[in-house]
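Undergrad:
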Amino acid sequence: MDKTFNPQNIEQSRYQQWEEQGYFKASGEGEPYCILLPPPNVTGSLHMGHGFQQTIMDILTRYHRMKGDNTLWQVGTDHAGIATQMVVERQLNAAGQTRHDLGRDKFIEKVWDWKAHSGGTITSQMRRLGTSADWEREVFTMDDNLSAAVQEVFIQLYDEGLIYRGQRLVNWDPVLHTAVSDLEVLNEEEDGHMWHMRYPLADGSGELVVATTRPETMLGDTAVAINPDDERYQHLVGKQIKLPITGRLINIVADDYVDAGFGTGCVKITPAHDFNDYELGKRHDLEMINIFTPDAKINDNAPEQYRGLDRYDARKQIVADLEEQGLLVKVEPHKLKVPRGDRSGAVIEPYLTNQWYVAVESLAKPAIEAVEKGEIKFVPENWNKTYYQWMYNIQDWCISRQLWWGHRIPAWFDDADNIYVGTDEAAVRAKYKLDDSLTLRQDEDVLDTWFSSALWPFATMGWPQKTPELETFVPSSVLVTGFDIIFFWVARMIMMTQKFTGKIPFKEIYITGLIRDEQGNKMSKSKGNVLDPIDLIDGIDLESLVEKRTAGMMQPKLAEKIAKRTRQQFPDGIAAYGTDALRFTFTAMASTSRDINFDMGRVEGYRNFCNKLWNASRFVLMNTEEQDTGKNGGELELSLADRWIWARFQQTLIAFEAALKDYRFDLAAQAVYEFTWNQFCDWYLELSKPVLNSDASTDAQKRGTRHTLVNVLESLLRLMHPVMPFITEEIWQRVAPLCSLDDTRSIMLQPYPQVDAGLQDEQVVADIEWLKQVIVGVRNIRGEMDIAPSKPLSVLLKNASSEDKRRLQATDLLLTKMARLEQVTILADGEKGPASATAIVGEMEVMIPMAGLIDKEAELARINKALEKVKADFARTEAKLSNETFVSKAPEAVIAKERAKLDEFSTQMQKLNEQKETIENL
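Following this line, the structure appears as structure tokens:
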């Protein structure tokens, strides 16, 4: 093995080998285990959220594959209607063209060309993450077989009356000219205004004052509403308002929706341009007047002087006209939530259009029951409340989009706008027995991307054909996804899968938290706090950091922090952490928290963990390669330490698998980290040296320890492989030949370790834990008293029980070697012993007589000097925190840091005083 661990030298070649050898395929044997990849957009690139969730999915996949299950990770990408169309349109615009210049068919060809050449970025990056999905089964939501499934579902739902076309209010993007889903709308607080306007009563008896943040929508007002219990206005219900500027008469209505305590208690109602007003309008049978064109300009339903004006230009003109007529009361600054399209950035308009809908009430009922009955389980369980809240208040689903890229709606119209639904025009004519002379035109719209995604669990398995995969892998085992799409995707998959297969789509739904930056802020390019997983794997050079900072792509503080760490840890100036370190970081962070703050320091820490494992493995190999490890037989005599590490491994394996079963990946990471770093690397390797290096050790004893070294390491590598696939494979290839294994092609093909009850030994574990406490106690005394580690010491044991004496006899060799002891004496009952530095192990005192070990006066002088410095540091920090000006102006993080320093100085003073007292009493 190389002296240092360099992930860049191994990762891509190892992955290529795995994929080429077909190791990611389902075996066809064992219990079925299936995970469906939430299909990322074909336009996308791997971000931290992808990296986090896909690491979790890969851990589960690799684990169950090694457990012998028939494991399939079904992978694929989504055609991402809006995003993909925008990418290709931008390319056309850069060449001075629009999609309309090409026409629909030529434009679709352009999109397919783009997909062929540039649409595989994210799947290539997924491979870099170690994703062990079955790439031979990779699908795309616009593939022919998936498109056929989409058509089949649409047609069947339409024929059953569950899909219909109707005029409803939708989120409308005036730049993209399409309806968009709520998930594609970002509501962000912005500075705006509240305009207060006079609305005169038609009979001239007075006026009402209404307030609005969008005065231009008054052109579409069809009522003013008041609360029915508001005594100020009850007498006006049923009267009419003469709407300013338009002169239209509109009614005053009473509705509980109105908050009498907000503003004037009077609300203008614009049913065609506000979702709440739309519902109120339906209750009161109000006219719905659309005043906007598709690009948010004023249409012909408004007075002539405003027609053709952009909505914001119209706003200025209307406000000016109201002011001129004396109808503008006041304008106030107002904070408001502004809905913007996540792709275009345009302000979204509620817009009344004809769209296609799914009537979901009958589909929702069995989907709710599946969760209520426990057939489908949310993890953590509290997310089922969110699911119920949405499902019990479910509205019909708008499934049409005004785009060219996507699954075109399989519906045709005649000149009278009668609707005919079928796979193609010929099928429609045959189905409806239409004369060839009847002219038909296909609907221009495409289906919402979420519609095809809702079919993911069964369309990817070959439905509507009855395939073996459909029988075996539906339902799948677990869905790993984020809480933000429980309704948009998860709920719809449940409804559609039950409807068309009679099965649930998955048994469990593991809802992950959202990856945020170190301060808990959502990662976004606009904030400059985004970290690229591939940058963390391959490295960010200092020059690139400067470029990102200069271009505004990264916050200056974040860029400087990364640069500082790079200069400190990577001599070549490239901060490359490797895939395994990043994956372990994601695993260790996967708690039950809704928000997960990503800390670069943890990636560094787990890179060190990789180095620790690498170096420990080199030690094992140096002591076992070309040596007798018991592979070919021979007597094995296991030492107490050998039996202890095997017993601790059983405990770790039990804890790891229990944590995985509960989806507590953080606890699984904690268990394997603790065993690897603290028990195996730090303790067992040291405990093995006395046996390996002692002339008194027999061949059977040395063979037993070598056997334990290689086989515990080999088992540990298999345990860790699902989390850290690359480093474990690389080391395993060197270790496996030293073990009795039938197949050494890949660690992926090995069975997962099984708990061996015969190796569980609580007594051995307790004995070695006792030994460790004694050794640590002696080492602490050395450190506190500044005694050289190499100096042999005499130790006295006070209050030693019969169990302590037994353990001393059992561990005598290990204790004297590792604690550097020349003599251990057990004091008689009641014997005090000389003045000593003492460590406590249970009821027993471990005493080291100080006489002759230290220069008392010199040691006191050293401690006093150290005390003076710490006291000065304490006083300086305390004064800073007592300064009101500093506390009031300094950031909270700075104040917290100073308080932590104060606590640290206090602890140091306490320890120094304790040392001083001990030495003074010698």
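Take the sequence shown: its letters are residues 1 to 922, numbered as in full-length UniProt numbering.
Glycine included, C-beta positions come from ideal geometry on N, C-alpha and C.
(1) Is F609 closer than 8 Å to L716 when the C-beta atoms are compared?
(2) Beta-carbon within less than 6 Å of T121's beta-carbon, same chain only, minus the 5 sequence neighbours each way: which residues are those?
(3) State the Cα-Cα distance for the pair F680 and A837, rounded to the nearest angstrom.
(4) Report yes if the C-beta distance between M1 and R618 is below 8 Å; otherwise report no.
(5) Just the Cα atoms here: how many angstroms apart are I826 and E803?
(6) Beta-carbon separation of R104 and W404 under 8 Å?
(7) Using 8 Å for Cβ pairs, my map puts I348 next to D221. What's the rounded Cβ distance?
(8) Report the residue from I537, P753, L613, P725 whose alpha carbon sits nearest the alpha carbon of H47.
(9) Please name the residue, chosen from V224, D786, L660, that lies closest to K856 on a Cα-to-Cα basis.
(10) Which of the three DSSP states, helix, strand or coil, is assigned to P339?
(11) Express the C-alpha separation of P350 and L176 in angstroms, rounding to a whole number.
(12) Start and end of the beta strand (DSSP E) containing N354?
(13) Helix, strand or coil: how does DSSP classify C266 here?
(14) At the level of alpha carbons, what is the spacing between E560 and R567?
(15) Give a yes or no on whether the C-beta atoms belonging to I289 and N301 are separated by under 8 Å.
(16) With C-beta atoms as the reference, is V224 less than 8 Å away from I269?
(17) If you draw a straight line from the C-alpha of E152 to the C-alpha of E31, how long is it?
(18) Which of the three DSSP states, helix, strand or coil, is assigned to F24?
(19) What three-state label does DSSP hand D221 in the structure shown?
(20) Only counting runs of 3 or more residues, tell me where the beta strand (DSSP E) segments fall wholly within the stretch 759-842, in order along the chain.
(21) Cβ of Y392 within 8 Å of Cβ of F378?
(22) Could you name each continuous alpha helix (DSSP H) segment of 4 residues or more that falls completely within the stretch 377-459, going from the start of the chain to the end?
(23) When the Cα of S400 is compared with those of V478, L902, N171, F656, which residue comes out closest?
(24) At what residues does the alpha helix (DSSP H) containing A659 begin and finish?
(25) Would you mind stating whether A491 and W390 have Cβ atoms separated by less than 8 Å?
(26) Quick one: what's I848 bridged to in DSSP?
(27) How many Å lie between L479 and G49 at the Cα?
(28) Which parts of the stretch 291-331 are runs of the alpha helix (DSSP H), unbroken and 4 residues or longer, counting only runs that do not cross its ends?
(29) Give the DSSP-derived three-state secondary structure of G166 in the structure shown.
(30) I245 to E892, Cα distance in whole Å?
(31) Going along the chain, which residues of its own chain have a beta-carbon closer than 7 Å to the beta-carbon of T43, five neighbours each way excluded?
(32) Check whether the Cβ of Y278 lies closer than 7 Å to any heavy atom of the ligand HEM, and answer yes or no.
(33) By alpha-carbon positions, which one of I226, M847, M523 ends up nearest to residue 945?
(34) Cutting at 7 Å between CB atoms, please list the residues of its own chain near P303, excluding the five before and the five after it.
(35) For my contact list, S132 and W73 are in at a C-beta cut-off of 8 Å; report their separation, rounded to the angstrom.
(36) Does S906 come out as helix, strand or coil in the three-state DSSP assignment?
TA: Working from what's here:
(1) When the beta-carbon positions are compared, L716 and F609 stay at least 8 Å from each other.
(2) Only S45 meet the Cβ criterion.
(3) C-alpha separation (whole angstroms): 30 Å.
(4) Cβ distance < 8 Å, so M1 and R618 count as in contact.
(5) Spanning the two alpha carbons is a distance of roughly 13 Å.
(6) The answer is yes: Cβ separation under 8 Å.
(7) Actually they are not in contact, since the Cβ atoms of I348 and D221 sit about 20 Å apart, beyond 8 Å.
(8) Among I537, P753, L613, P725, the Cα nearest to that of H47 belongs to I537.
(9) Among V224, D786, L660, the Cα nearest to that of K856 belongs to D786.
(10) In this structure, P339 counts as strand in the three-state DSSP scheme.
(11) The alpha-carbon atoms of L176 and P350 are separated by roughly 14 Å.
(12) For N354, the enclosing beta strand (DSSP E) stretches over residues 349-358.
(13) DSSP, reduced to helix, strand and coil, places C266 outside both helices and strands of the structure shown, so it counts as coil.
(14) Rounded to the nearest angstrom, the two C-alpha atoms are 10 Å apart.
(15) Contact flag set, yes.
(16) Yes, they are a contact pair.
(17) When rounded, the separation of the alpha-carbon atoms in E152 and E31 is 31 Å.
(18) Residue state, collapsed to three classes: coil.
(19) Per DSSP, reduced to three states, the secondary structure at D221 is coil, with no helix or strand assignment.
(20) You should have 793-798, 821-826, 836-841.
(21) No, the Cβ-Cβ distance between Y392 and F378 is not below 8 Å.
(22) If we require 4 residues or more, the alpha helix (DSSP H) runs fully inside the stretch 377-459 come out as 383-392, 425-432, 449-453, 456-459.
(23) Minimum Cα distance to S400 is reached at N171.
(24) Note, A659: alpha helix (DSSP H), 640-661.
(25) Closer than 8 Å, so yes.
(26) Bridge partners of I848: A837.
(27) Roughly 15 Å separates the two Cα atoms.
(28) For the stretch 291-331, the full-length alpha helix (DSSP H) segments reaching 4 residues or more read 311-324 along the chain.
(29) DSSP places G166 in strand when its eight states are reduced to three.
(30) Spanning the alpha carbons of I245 and E892 requires a straight line of approximately 54 Å.
(31) Excluding residues within five positions, the ones whose Cβ falls inside 7 Å are A80, A83, T84, V87.
(32) Ligands in the displayed structure: none, and consequently the ligand HEM is not present.
(33) Residue 945 is absent from the structure shown; the chain starts at 1 and stops at 922.
(34) Result list for P303: I245, T246, in chain order.
(35) So it is a contact: roughly 7 Å between Cβ atoms.
(36) DSSP, reduced to helix, strand and coil, places S906 within a helical segment of the structure shown.
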